[in-house]
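A.B. asks: According to the numbering used here, the stretch in the sequence shown is residues 1 to 326, in order.
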Amino acid sequence: MMKKNILKGVLFVGVGASIYGMLATFVKMAYNEGYTTSEVTTSQFLLGLVGLLTLNFIQTMTSKKALSSPSSKEIKQLMLAGTSLGGTSLFYYLAVQYINVSIAIVLLMQSVWFSVVVESFITKKLPNSRKVVSVVIVLIGTILATNIINEKIEIDWHGVFWGLMAAGSYTLTMFTSNTIANHLPVLRKSLVMLSGGAIIVFIFLFFAQIGPFYFDNLQSFYLNFTDNTTHIHSFNYSILWTYGFVLALFGTIIPPILFNIGFPNAGLGLGSIVSSLELPVSVTIAYMVLGENVFLTQWLGIALILFAIVLMNLPSKKEYVLAEVS
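(1) If you draw a straight line from the alpha carbon of residue 265 to that of residue 258, how long is it in whole angstroms?
(2) Taking three-plus beta-carbon pairs below 8 Å as touching, is the region 46–59 in contact with the region 126–137?
(3) Out of curiosity, what's the CA-to-CA distance linking residue 207 and residue 222?
(4) Identify the continuous alpha helix (DSSP H) that holds residue 21 and give its terminal residues.
(5) For residue 35, which three-state DSSP category applies?
(6) If residue 233 and residue 213 are in contact, beta carbons under 8 Å, what's the gap, nearest whole angstrom?
(7) Give the single residue among 90, 164, 189, 84 whose Cα lies nearest to the Cα of residue 49.
(8) Where does residue 263 land, buried or exposed, given buried means 16+ other C-beta within 10 angstroms?
(9) For the alpha helix (DSSP H) containing residue 111, name the first residue and the last one.
(10) Excluding the 5 residues flanking residue 28 on each side, which residues of the same chain have their C-beta closer than 7 Å to its C-beta?
(11) Closer than 7 Å by C-beta to residue 39: which residues in its own chain qualify, once you throw out the five before and the five after it? Chain order, please.
(12) Check residue 156 in the structure and name its three-state DSSP category.
(13) Please list the terminal residues of the continuous alpha helix (DSSP H) segment that includes residue 244.
(14) Give a yes or no on whether the C-beta atoms belonging to residue 92 and residue 158 are separated by under 8 Å.
(15) Here's a check: name, in chain order, each residue in its chain whose Cβ is nearer than 6 Å to the Cβ of residue 111, leaving out the five neighbours to either side.
(16) Can you grab the Cα-Cα spacing for the pair residue 32 / residue 292, in whole Å?
(17) Residue range of the alpha helix (DSSP H) that residue 216 falls in?
(18) Using a Cβ-Cβ cut-off of 6 Å (strictly less than) and excluding sequence neighbours within five positions of residue 277, which residues of its own chain qualify?
(19) For residue 190, report the span of its alpha helix (DSSP H) as first-last.
(20) What does the alpha-carbon distance come out to for the pair residue 243 and residue 197?
(21) Compute the Euclidean distance between the alpha carbons of residue 142 and residue 47, then round it to the nearest angstrom.
(22) For residue 78 and residue 193, which I take to be in contact (beta-carbon distance under 8 Å), what is that distance rounded to the nearest angstrom?
(23) Does residue 284 come out as helix, strand or coil in the three-state DSSP assignment?
(24) Can you give the beta carbon distance from residue 201 to residue 42, rounded, assuming they're within the 8 Å contact cut?
(25) I need the boundaries of the alpha helix (DSSP H) containing residue 65, first residue and last residue.
(26) Applying the criterion that 16 or more other CB atoms from any shown protein chain within 10 Å of the CB defines a buried residue, is residue 296 buried or exposed?
(27) DSSP state of residue 47, grouped into three classes?
(28) Quick check on this structure: which residue in 11, 199, 248 has the alpha carbon closest to the alpha carbon of residue 22?
(29) Just how far apart, CA to CA, sit residue 308 and residue 231?
(30) I'd like to check one pair, residue 54 with residue 103: are the Cβ atoms closer than 8 Å?
(31) Which residues in the same chain as residue 30 place their Cβ atom closer than 6 Å to its Cβ, once the five residues preceding and following it in sequence are excluded?
(32) Buried or exposed, going by whether 16 or more other CB atoms sit within 10 Å of the CB of residue 228?
(33) Would you tell me roughly how many angstroms separate the C-alpha atoms of residue 181 and residue 85, rounded to the nearest one?
This is the structure in structure tokens:
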């Protein structure tokens, strides 16, 4: 029975990671058709909320027993945690504006060693030698995977900044979502967290696009930060039926549900290893669909990052002995 549960967990996490890995390619395609970051993120979260509301309604109507509801305190905590979910999408999509999808996903995966640093601060303990070695391997792999040693490749540092911001936000999402209100049904928890993320996305939409277009004072304020006004215009609603549905399905509905089902069965360690499938899937899809150049050294860097993730999550000898005894 345990093997069946583990297999189920691995399958759900693997499929969720693979689907999420495709997301950036669709974002890049939307950019190529003239849609803005605000329109992409807003359509994803707006339709994601509609989808999760529908699924929650169906679950409530068909459930044979009363489902747990979050307390007011838990709603505040989940919405606060969800703001990092919105930040991750926002920063990641901003990064994709400036750099290739293959490089953006590598930067997002820096959350692997960011989480080690955060964990050290929380526990007030230095990481063990294996985690330190894993972090070093990740950094070496990142140098190769981003191809910064190739003089022919020019990397926009705006993209690097937003990519690292996305990694930091993603790290915060992982730590908060796994510790708050775990007793709630997956769909209800996902809906509340997504609501928190939507607030961040809608605020960005107002101050980066809608506000400056309709209000001269906001435009004057906005121009203090950048001279780029190409994305200041009314909201293009066609994003909702061209890319919005796919972005919501692949970004805010299916992967979170699959992860919330899969991780409890696979375990955090094994689940983290399997979820790293997102990295090669994202790079491969970008290569096949967008025609992005991916050099051999970049594949080597990706392989090193995947190896470091596996190394970091392998059980220690002590944990293995305890597992055998139990």
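Positions of the beta carbon are idealized from the N, C-alpha and C atoms, including for glycine.
As the structure is a prediction and not an experimental result, all values here were calculated from the model.
C.D. replies: Result, derived from the coordinates:
(1) Stepping through the sequence shown from its first residue, residue 265 is reached at position 265. Stepping through the sequence shown from its first residue, residue 258 is reached at position 258. Spanning the two alpha carbons is a distance of roughly 11 Å.
(2) no
(3) Numbered from its first residue, the sequence shown carries residue 207 at position 207. Numbered from its first residue, the sequence shown carries residue 222 at position 222. Residue 207 and residue 222: Cα-Cα distance of roughly 8 Å.
(4) By one-based count along the sequence shown, residue 21 stands at place 21. Note, residue 21: alpha helix (DSSP H), 2–21.
(5) For the purposes of this step, residue 35 is taken as the residue at position 35 of the sequence shown. The answer is coil: DSSP assigns residue 35 none of H, G, I, E or B.
(6) Taking the first residue of the sequence shown as position 1, residue 233 is located at position 233. Taking the first residue of the sequence shown as position 1, residue 213 is located at position 213. With a Cβ gap of about 6 Å, residue 233 and residue 213 count as contacting.
(7) In the sequence shown, residue 49 corresponds to position 49, counting from 1. The shortest CA-to-CA distance from residue 49 to any of 90, 164, 189, 84 is the one to 189.
(8) Position 263 of the sequence shown, counting from 1, holds the residue named residue 263. By the 10 Å Cβ count, residue 263 comes out buried.
(9) Sequence index remark: in the sequence shown, residue 111 carries index 111 (1-based). It spans 111–123 - the alpha helix (DSSP H) in which residue 111 sits, taken as one unbroken run.
(10) As a working mapping, residue 28 is identified with position 28 in the sequence shown. These residues qualify, in order along the chain: 96, 101, 290.
(11) On the sequence shown, residue 39 is found 39 positions in, with the first residue counted as 1. Setting aside the 5 residues that flank it on each side, residue 39 is surrounded in the same chain by 235, 236, 239, each with a C-beta closer than 7 Å to its C-beta; the list follows chain order.
(12) For the purposes of this step, residue 156 is identified with residue 156 of the sequence shown, where counting begins at 1. Coil.
(13) Taking the first residue of the sequence shown as 1, we reach residue 244 at position 244. That residue, residue 244, is in no alpha helix (DSSP H); it is neither H nor E in DSSP.
(14) Start at 1 with the first residue of the sequence shown, and residue 92 comes out as number 92. Start at 1 with the first residue of the sequence shown, and residue 158 comes out as number 158. Not a contact, by the Cβ cut-off of 8 Å.
(15) The residue given as residue 111 occupies position 111 in the sequence shown. 167, 170, 171.
(16) In the sequence shown, the residue the question calls residue 32 occupies position 32. In the sequence shown, the residue the question calls residue 292 occupies position 292. So the alpha carbons of these two residues sit roughly 14 Å apart.
(17) Your numbering for residue 216 matches position 216 in the sequence shown. Taken as a continuous stretch (DSSP letters only), the alpha helix (DSSP H) holding residue 216 covers 216–222.
(18) Along the sequence shown, one-based indexing puts residue 277 at 277. Take residue 277, set aside five residues on each side of it, and the residues of its chain with a beta-carbon closer than 6 Å to its own are 14, 17, 18, in chain order.
(19) Here residue 190 refers to the residue found at position 190 when the sequence shown is read from its first residue. That run of the alpha helix (DSSP H) goes 186–205.
(20) The residue you call residue 243 lines up with position 243 of the sequence shown. The residue you call residue 197 lines up with position 197 of the sequence shown. Looking at the two C-alpha atoms, the distance is approximately 19 Å.
(21) Residue mapping note: residue 142 aligns to position 142 of the sequence shown, counting from 1. Residue mapping note: residue 47 aligns to position 47 of the sequence shown, counting from 1. Straight-line Cα distance between these residues: approximately 34 Å.
(22) Position 78 of the sequence shown holds residue 78. Position 193 of the sequence shown holds residue 193. Their Cβ separation, rounded to whole angstroms, is 5 Å, which keeps residue 78 and residue 193 in contact under 8 Å.
(23) Numbered from its first residue, the sequence shown carries residue 284 at position 284. DSSP places residue 284 in helix when its eight states are reduced to three.
(24) As a working note, residue 201 is residue 201 in the sequence shown. As a working note, residue 42 is residue 42 in the sequence shown. That pair is a contact at about 6 Å.
(25) Here residue 65 corresponds to residue number 65 of the sequence shown, with the count starting at 1. It is not in any alpha helix (DSSP H) - residue 65 carries neither H nor E in the DSSP assignment.
(26) What you label residue 296 is simply residue 296 of the sequence shown in a count that begins at 1. That one is exposed.
(27) As a working note, residue 47 is residue 47 in the sequence shown. Residue state, collapsed to three classes: helix.
(28) Position 22 of the sequence shown, counted from the start, is the residue given in the question as residue 22. Ranking 11, 199, 248 by Cα distance to residue 22 puts 248 first.
(29) To locate residue 308, count along the sequence shown from 1; it is residue 308. To locate residue 231, count along the sequence shown from 1; it is residue 231. Cα to Cα, residue 308 sits roughly 39 Å from residue 231.
(30) The count along the sequence shown starts at 1 and reaches residue 103 at position 103. The count along the sequence shown starts at 1 and reaches residue 54 at position 54. Against a cut-off of 8 Å, the Cβ pair of residue 54 and residue 103 comes out as no contact.
(31) Looking up residue 30 in the sequence shown gives position 30. Excluding positions up to five away in sequence, the list reads 40, 243.
(32) Within the sequence shown, numbered from 1, the residue matching residue 228 stands at position 228. Classification of residue 228: exposed, given that the 10 Å Cβ count is below 16.
(33) Stepping through the sequence shown from its first residue, residue 181 is reached at position 181. Stepping through the sequence shown from its first residue, residue 85 is reached at position 85. If I take the Cα positions, the gap works out to 16 Å.
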